[in-house]
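Only one structure is covered here, and it is reproduced in the block below.
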Amino acid sequence: MTVLVGYVPSPLGEAALQAAIEQAKFREEPVLVVNTSRGDAYVDPRFAQEPDLERVTRELTAAGVPHTVRQLMRGRDAAEEIVEIVEAEDVSLVVIGIRHRTPVGKLIMGSTAQEVLLRVPCPVLAVKAD
Amino acid sequence: MSGMTTRPDRGGDQPPRPPAVETSVPPIPEQPGAERTPDLPGAAWPATGDVPPTVLEPAVEDGPAPKPDRAQYGVCAFLALVGGLIIVDATTRIGHAISTADPIGPKPVPILLGVLLIIVAVIYAVDVARGGTGEPEAGEDVDLSSPIDWRTVLLLIGAFLVNAVLIDPLGWVISGTILFWGSAFALGNRHYVRNLLIAVALSLVTFYTFAIGLGVNLPAGVLQGIL
Amino acid sequence: MDNLGNLLDGFANVVTPMNLLFALLGVTIGTAVGVLPGIGPAMTVALLLPVTYGMEPVQALIMFAGIFYGGMYGGSTTSILLNTPGESSSVVTAIEGNKMAKAGRAAQALATAAIGSFVAGTIATLLLVVVTPPMVQFAISLGAPDYFAVMLLSFVAVTAVLGSSRVRGFASLLIGLTIGLIGIDAVSGQQRLTFGLPQLADGIDVVVVAVGIFAVGEALWIAAHLRRKSGEVIPVGQPWMGKQDWKRSWKPWLRGTALGFPFGAVPAGGAEIPTFLSYTTEKKLSKHPEEFGRGAIEGVAGPEAANNASAAGTLVPMLALGLPTNATAAVMLAALQQWGFQPGPLLFTRESALVWTLIASLFIGNLLLLVLNLPLAPAWARLLRIPRPYLYAGIIFFATMGAYAVNAQPFDLFLLLTLGLLGFGMRRFGLPILPLIVGVILGPRAELQGRRALQLSGGELHGLVGGWVSWVIYAVILVVLLWPLVGRFVVRPLRGRLVTG
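Protein chains in written order, with this note's numbering: chain A, 23 to 152; chain B, 26 to 252; chain C, 943 to 1443.
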């Protein structure tokens, strides 16, 4: 069993990561860090770069949690990727960061968090950035 | 990079939804040879890491397959055909109109052009037979390591044709909306609602600025009177 | 001095609110398309051509010139911050520029690129002012045979000098000439290659050709090989330069200008070659050769100056002779023809106000670009977040709109698609695009001049040879055409002898 965390290089992603580390320690399970991008823009601020990933691994190592970092760029949405991983692998908990979205914003942009919450077949821990 | 980090095979440049080929579960530092471009984060063109900036070649590096590109004979045939067509047109359809003011008339130039086209077609064919290949045009956003994605191209052509057929009856605002939405879909974007809103906004803005503001010819179609 | 007076008049014309607005619009659009990879100034000008019908030609030209210059500026931003050159002329900038950015000197790299572009653009535009009028004086004295020879030279130059394969270049040129042939023959009134289609009687609009080949063809080609990757953009603050940077930059700027301007002005010169030359020159002359490859500021300053200077250089033959030396100039010439101006030396005398206003707008545009680029570089970089599907869907959308707007007939859309597929095929088989577009634009004019020349000689071929100018040009053509042979039998043995000696 693993704890899956949907990571983005932002305070939100950091909060999710911290929560995932806590949960992993408590459950004595490894962490799977997932960071994705559709890869359809020249630049995607949600796609973690080298320094971000280094920081993530450093934090995980410091916490003494076994971990894997997986980056995906296959032209799909983050929600799809997470759902697929959860369905295919042994995931006990999904940790994601959430923030407020206006109804219009949700209509236009869609909501990754909502997709994950509704479609993932395992418990989801949703955290907010402070 | 830490040994625990796995990197995907960033060559996932397949059509929008590639079959789920998972790339990496075991913690290997990097995946050699998964695809051409060794992954660097950030790499429309490998942007980070220690790759020398001359990395401009990868795009060209494996253009056409090593086997001879026989489709090129098609180009030769096309050129010869066009050449023949011009000559036929010049000799049969163009009337005689030689006057003192124009001693050579309208025919010789097309005939010369036709002959040149046929000559170039032959030289081209010889070049191809000797193993000559044209380098497919590289570009900043062109990934030549993947084969031509015909599905996308055909969908785009489809969206284009739908617009060409509908523009007069339905008007630019509707046909343009369909065109933009269809093109974005063809290119792999799946935010249907958002795309529709953008498409409608774009069509309306262009219609008002260009057709009404600048007097460009764009049909109002069925929305005549409403817009 | 007469020209100075004309130029001042030009300035007076530019400094109206409307014209300034169009200059600003042009440089803004130009910078944007320069920043975005996959869309360049030639494509943009082609896309905007039809919508400018309702505008004053002067304003449209001011806007186009702004796009042309702006594209050169914008390309450097992407090169430096993303290592993805927005334009082919900024490829070299990426070499040192991106290394500088990674070393935390993005601000200095952007500054030297922007200020260097400004310096080079201004000096080169001054050179344009000085060089063009005498050239026009000379060109006016030429007769039909000389013109014919000049056009042949320009065909041969874009075909044989650029690109890796001459056969493919000639194939492209001939296709272009064929497209130019379609329609009613201007001299005899006979229909050629119209196949009885009334829509073809007026010929294929150059706008439709340009949009089809540059925009639709390019969009289809990119769509077929769409890159699905995201890059990393290096965060940057306000561009600035220290004293040391200024000291190291000013000479490369001047040398880059000196290299760029003449290359822009000769057929088949373009902006790529001088940027490479500038880079190697700076590398050789630098006091810090060890820094090259690790972020030397000279390697950004020189090439960026060179590509902007070449943009100004391109305008010399375009305005003086009506000869396009690159794709953007070709499309701008097409624009002039659309508005009913006859490109060529007479443009300067007949449309003096137009030309001088355009030239004056170049100075203004350069200044605007500096203002726009220096403080706003980080904002421009945000443009790179636009998803590619929107970008290319947008290109197809505007291409369709423009092509339809020319004649308001759906027939043009089918024509556009056909031309787009032609452009797609040419990119697939490595046929260069420029010879085709030059063929379409210059072909009919070359035929006209050739026939005019023959008319004087009563149809005898010697009519194609006029004064000494045409002899010189024919000789140059011969050298260009036979260059591979010359290379094999003259240059190589000579070099061999030198080496052994």
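Ideal Cβ positions, reconstructed from N, Cα and C, are used throughout, including at glycine. Since the structure is predicted, the reported quantities are computational estimates derived from the model, not experimental observations.
Item, Value
"Helix or strand or just coil, what does DSSP make of A/S59?", "strand"
"To the nearest angstrom, report how far apart B/V256 and C/V993 are at their CA atoms.", "With chain B covering only 26 through 252, there is no way to say anything about residue 256 of chain B."
"Exposed or buried, what is B/T79 when buried is set at 16 or more other beta-carbons lying within 10 Å of its beta-carbon?", "At B/T79, the pLDDT of 34 sits below 50, so the modelled position is not reliable and the matter cannot be decided from this model."
"Count the other CB atoms within 10 Å of the CB of C/T1120; is the residue buried (16 or more) or exposed (fewer)?", "buried"
"In chain order, which continuous runs of the alpha helix (DSSP H) of length 4 or greater are located wholly inside the stretch 110 to 176 of chain B?", "133 to 154"
"Can you tell me which of C/A954, C/G1235, C/G1118 and C/P1320 puts its alpha carbon nearest to the alpha carbon of C/W1182?", "C/P1320"
"CA-CA distance, C/V1382 and C/D1127?", "14 Å"
"Please report how far the alpha carbon of A/G119 lies from the alpha carbon of A/A151, in whole angstroms.", "7 Å"
"Which of the three DSSP states, helix, strand or coil, is assigned to A/I118?", "strand"
"Counting only beta-carbon separations shorter than 8 Å, does A/M95 have a partner in chain C?", "yes"
"Just to confirm my understanding: we take C/W1163, look at its own chain, exclude 5 residues before and 5 after, and list those with CB closer than 6 Å. What are they?", "F1366 and R1369"
"Roughly how many angstroms lie between the CA atoms of C/V1103 and C/G1344, to the nearest whole one?", "32 Å"
"What is the DSSP secondary structure of C/T1136, reduced to helix, strand or coil?", "coil"
"Closer than 9 Å, Cβ to any Cβ of chain A: which residues of the stretch 207 to 219 of chain B, in chain order?", "L212, G213, N214, R215, H216, V218 and R219"
"Residues of chain A with CB under 7 Å from C/S1328, in chain order?", "Here the sequence assigns Ile to residue 1328 of chain C, which means Ser is not the residue at that position. Those are A63, listed as they occur along chain A."
"Which partner residues of C/T1291 appear in the DSSP bridge assignment?", "Answer by DSSP bridge pairing: none, since C/T1291 is not bridged."
"Across the stretch 139 to 146 of chain B and the stretch 1152 to 1167 of chain C, are there enough close Cβ pairs to call them in contact, namely three or more that are closer than 8 Å?", "no"
"May I ask which residues mark the beginning and end of the alpha helix (DSSP H) holding C/G1362?", "F1353 to R1370"
"Around the C-beta of C/T1361, are 16 or more other C-beta atoms found within 10 angstroms, so that it is buried, or is it exposed?", "Residue identity check: residue 1361 of chain C is Leu in the sequence provided, not Thr. Classification for C/L1361: buried."
"Leaving aside the five residues before and after B/A102 along the sequence, list all residues of the same chain whose C-beta is less than 8 Å from its C-beta, in chain order.", "A146"
"May I have the straight-line CA-CA distance separating C/A1323 from C/A1269, to the nearest angstrom?", "25 Å"
"Taking the CB atoms as reference points, tell me whether C/V1421 and C/V1428 lie closer together than 8 Å.", "yes"
"Quick check on A/E111: buried or exposed, where buried means 16 or more other Cβ atoms within 10 Å of its Cβ?", "exposed"
"Assuming contact is defined by CB atoms lying nearer than 8 Å, are B/L204 and C/A1165 in contact in what I supplied?", "no"
"Tell me where the beta strand (DSSP E) around C/G1008 begins and ends.", "It is not in any beta strand (DSSP E) - C/G1008 instead sits in the alpha helix (DSSP H) that spans P999 to L1024."
"Under DSSP, the alpha helix (DSSP H) around A/T79 begins and ends at which residues?", "E72 to A85"
"Could you tell me which of A/D99, A/Y64, A/P52 and A/E106 sits nearest to A/V91, measuring between CA atoms?", "A/P52"
"Given 8 Å as the limit, is there contact between the stretch 222 to 241 of chain B and the stretch 981 to 989 of chain C, that is, 3 or more CB pairs closer than that?", "no"
"For a test of the three-state rule: what should DSSP assign to C/L1423, helix, strand or coil?", "helix"
"List the whole-angstrom C-beta distance separating C/A1251 from C/I1379, where the pair is believed to meet the contact cut-off of C-beta under 8 Å.", "About 23 Å; that fails the 8 Å criterion."
"Determine, using beta carbons only, whether B/V145 comes closer than 8 Å to chain C.", "yes"
"Once DSSP output is grouped into helix, strand and coil, what is the label at C/Q1279?", "helix"
"Taking Cβ-Cβ distances shorter than 8 Å, what residues in chain A pair up with C/E1029?", "Those within 8 Å of C/E1029 in chain A number zero; the least Cβ separation is about 14 Å."
"Report yes or no: is there a C-beta of chain A within less than 8 Å of the C-beta of B/T79?", "At B/T79, the pLDDT of 34 sits below 50, so the modelled position is not reliable; the number obtained from the coordinates is stated separately. For B/T79, the answer is no, since every Cβ of chain A falls outside 8 Å of its Cβ."
"Is the beta carbon of C/Y1416 closer than 8 Å to that of C/A1091?", "yes"
"At 8 Å on the CB atoms, spell out the chain A contacts of C/G1039, in chain order.", "Ordered by position in chain A, no residue passes the 8 Å Cβ test against C/G1039, which lies about 16 Å from the chain."
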